[in-house]
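Undergrad: Under the numbering used here, the first residue of the sequence shown carries the number 1, and numbering increases by one thereafter.
A single structure is presented below for examination.
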Amino acid sequence: MAILKRILRLTFRFPLQSGLSLAMAVTCTVLVLVLPGVTMRFVDVIIGQKRPDLIIPTASVGIGAILLRQLLFTLRTYYNNSLELKLTHLIRVELYDKLQRLPVKWFDSNSSGEIMSRVANDVPTANRIMIEGVDQAIAAILQFLIVVGYMCWLSWQLTLVTLIPLPFIAVLTTWWSRRSEPMWRESSEATSALNAILHDNLSGIRQIKAYTVEPQALETFDKASRKVGEKTMTVMRGQALVWPGVSFIAESGIILMVAFGAHWVLADQLSKGAVISFLVAWGFLFDPISRINTLSQTFTKGIVSAERVFKILDTPDEANLTEGIRPERMTGHVRFENVSFSYSEEAPTINDLTLEAQPGETVALVGATGAGKSTVLNLLTRFYDPTSGHILIDGVPLDTISKEWLRDQLGYVTQESFLFNTTLRENLLLAKHDASDDEIWAALEAANAAGFVRASPDGLATVAGERGGRFSGGEKQRLSIARALLKNPPLLLLDEATSALDNKTERLVQEALENLRSDRTCFVIAHRLSTVQKADRICVLHHGTLVEQGTHAELIRLGGSYAKLCEATFANDPRPAA
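Following this line, the structure appears as C-alpha cells:
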C-alpha cells in the first residue's frame, strides 16, 4: 500500500488531467445503467402494455447512451495514455538524475544491464498501475457499486442471491495475488539478469570473437533466457488454474439468479422485465470481475517494478556532491597525510600514505600492478573517501570541499579512453561547454590529434561510434588528452594517459604535456618509466605503501626499487633511458 500511495502521489503532479479522466470514468459508469433500464422498459412497458409508439424513443435513448459512453471511453483512453507517457518520462528523468548523484561505489555492485532494465522496463511497468490498474480499478469499483444499487432498487432479495459468488471469488483472488507477487519478483529479477548478460556480451563482443567463445556465450545466454521462461511459466501455470475457477464461480451465479428470479416471477413477486434487466445488469456487475486477472497481473508486476525503481530513488546521494566549500581558485597544493583506504575488509589498498605535491609540480606514481597508483587518483577525485587520514588541497580538507567544484578543477585522463556515441565536437565540449572551434583545434594540435580529425570526412562533426569504436586506441587516447587540455584545469591527473600511443606520438604528446605542467599540478601514472623521468618527484608504491620518492637521478643513485624497475624496463626497451 505504501508503494501504491507513492505512485498515486505522482499523479497529483498532473491534477487537471487526472481529474478529467476520473470524471469521464464516473460518467461512463453511470451510463451503464441505461441498457438494463431500457431492456426492462421494452419488456414491461412496450411489450407488456403494447406501446409500439415508445419503441423509437426508447431505442434512441439506449443508442445515444451507448454512443456517448464510447465517445467518453475514447477520450479517456487518449488522456490516460498521455498521462502514462508523462509519468514515464517524469520518473525516468528523476531516476537518471538520481543515478548521476549516486557514488561510484554503488555502481561497483550494480551491473549496467540491471540498471538499464530498471530504467527501460520497470518504469513503464510501474506506471501501468496508474492506467490499467488504479484507473480501471476505480472505474470497476464505481461500476460495481452503481449496478448493485440499481439491482437493490429493483429487488434486494434477488441482489443478495446474485452476490453469493462474490465472497468465494474474493478469497481465491486475494490468495492468488499474495502468492504470485514473489513469483513475479523472481521473474523480474531473472529478466534483469538476462539483460545484464546481454549488455556484457555486446560490450565484450570483440573479446568473445577473439577467444572464439561464442558457443559458451550462447550457452550462458540460453540458460538465462530459459530461467526467465521458467519463472514466468510458474506464474502462468497458476493463472491457468485460478482464473477458470473464478469464471466458474461467477457464471454459476447466473444460474442461481435466473432460478430464483423465475421462482419469484411465477409467484408474482417480480416482473419479467426486472429479471431480464437483472440478467443484463449482471454482465456489467461481473465485467470488473472478469478483468481481475489482468488487473491482478498489472498490480503485482507494477508493485514489484515500482519497488525496484524506488529502491534506487531512495538510495542516499553521494555525500558533498553539491554541498561543501567552494574556494575562489585552486593553486594545486596537494597533501596526503597518513591516508589509508581499502575497497573491502581485506588488506588495505593504500596504507598510511603521506606525500605532497607543490603547485605546478609533477608527481609520478610508479609501481607494480596493484600497488595502489590508480587508487591515489580515485581518492583525489573523491570517487572514494579515505578510511583514515586526511587529504588537503591548498590547505583545505578534501572532505569539506564540494565534489562538484573539485571535479570541475580536474583534468582526468584514464587508461581506458571513453568517447560517447556522438560527434567529436560534442565529446570535446564536455570539457568546456562554450569553447570555440579555434580552442578545440588548438587542444587537438597540442594532443597531436588534429591530423586524423581533419582527415575524417566530417571533421569535428564525425560521430565517434559506440565507445569511440570508429577510432583506434591511440586516436581515442589523444582525443581524451585533447579534452583534458581544452579544460585547462589547475590539477591534471594522467592514469596511463600515453599507454595507447606509439613511440613517435608519445614523444609529441609528452612535449605538449610538459609545456602544460609549468603552471599546474600534475599526477602521472605510467608503466613506461621513460614517460616519468622528467617528473619533479617520482613516488614508488609497493602494496599501497610509499617505499621511495625523489627525482629520477636520485632514485637511480639510491639503487632501490625504482632502479630495479628501470633496469628491468630499459633492458627490453630500445629507447634511451635519459
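We put the CB at the ideal spot given by N, CA and C, even for glycine.
The structure presented is a predicted model; accordingly, all values stated were derived computationally and were not measured.
1. Three-state secondary structure (DSSP) at Ser-187?
2. Taking the beta carbon of Phe-348 as the centre, do at least 16 other beta carbons fall within 10 Å, making it buried, or is it exposed?
3. Run through the DSSP bridge pairs and tell me what Phe-336 is partnered with.
4. Whose C-alpha, out of Ser-402, Ala-526 and Ser-456, is nearest the C-alpha of Gln-415?
5. Relative to the C-alpha of Asp-519, which residue among Leu-491, Lys-504 and Thr-545 is closest?
6. Could you round the C-beta distance between Val-123 and Arg-92 to whole angstroms and report it? I think they count as a contact, below 8 Å.
7. Where Tyr-384 and Arg-6 are concerned, what is the direct C-alpha to C-alpha distance, given to the nearest angstrom?
8. Checking 8 Å against the spacing of the C-beta atoms, do Arg-537 and Thr-521 come in under that value?
9. Along the chain, where does the alpha helix (DSSP H) containing Gln-549 start, and where does it finish?
10. So, helix, strand or coil for Asp-434, using DSSP?
11. Using only CA atoms, which one of Leu-54, Arg-41, Tyr-96 and Cys-28 lies nearest to Gly-74?
12. Taking the beta strand (DSSP E) that His-542 falls in, what are its first and last residues?
13. To the nearest angstrom, how far is it from the Cα of Gln-409 to the Cα of Thr-375?
14. Quick one, are the C-beta atoms of Ser-305 and Ala-126 less than 8 Å apart?
15. Taking just the CA atoms, how far does Lys-231 sit from Leu-218?
16. I'd like the list of long-range same chain contacts for Ala-461, defined as Cβ closer than 7 Å, with 5 residues on each side in sequence excluded.
17. Whole angstroms are fine: how far does the CA of Ala-442 sit from the CA of Pro-359?
18. With a cut-off of 8 Å, do at least 3 Cβ pairs link the region 103 to 113 to the region 47 to 59?
19. For the candidate residues Glu-251, Leu-99 and Ala-371, whose alpha-carbon lies nearest to that of Leu-279?
20. What's the gap between the Cα of Tyr-281 and the Cα of Gly-261?
21. Given this structure, state the Cα-to-Cα distance separating Ile-66 from Leu-72, to the nearest angstrom.
22. With a threshold of 7 Å on Cβ separation, who are the neighbours of Gly-459 within its own chain once the five nearest residues in sequence on each side are excluded?
23. Taking only the alpha-carbon atoms, compute the straight-line gap between Leu-444 and Leu-485 and give it to the nearest angstrom.
24. Who are Phe-341's beta bridge partners in DSSP?
25. For Thr-162, collect the residues of the same chain with a Cβ closer than 8 Å to its Cβ; drop the 5 residues on either side in sequence, then sort them by chain order.
26. Under the DSSP definition of a beta bridge, which residues are partnered with Val-413?
27. Might you give, ordered along the chain, the residues of its own chain that have their beta carbon closer than 7 Å to the beta carbon of Arg-467, omitting 5 neighbours on each side?
28. Let me check one thing: in DSSP terms, what residues is Cys-522 bridge-paired to?
29. Could you say if the region 353 to 367 and the region 329 to 337 meet the contact criterion of at least three C-beta pairs nearer than 8 Å?
TA: Based on what the coordinates show:
1. helix
2. It is Pro, not Phe, that sits at residue 348 in the sequence shown. It is buried - the Cβ of Pro-348 has at least 16 other Cβ atoms within 10 Å.
3. Leu-355 and Ile-391
4. Ala-526
5. Leu-491
6. 5 Å
7. 33 Å
8. no
9. Per DSSP, Gln-549 belongs to no alpha helix (DSSP H); it is in the beta strand (DSSP E), 545 to 550.
10. coil
11. Here residue 74 turns out to be Thr, not Gly, going by the sequence shown. The shortest Cα separation from Thr-74 among Leu-54, Arg-41, Tyr-96 and Cys-28 belongs to Cys-28.
12. 537 to 542
13. 19 Å
14. yes
15. 20 Å
16. Thr-423 and Arg-425
17. 25 Å
18. no
19. Glu-251
20. Looking at the sequence shown, residue 281 is not Tyr but Ala. If I take the Cα positions, the gap works out to 14 Å.
21. 10 Å
22. Val-453
23. 8 Å
24. Ile-350
25. Met-151, Gly-253, Leu-256, Met-257, Phe-278, Trp-282 and Leu-285
26. Leu-494
27. Phe-418 and Leu-419
28. Thr-362 and Leu-492
29. yes
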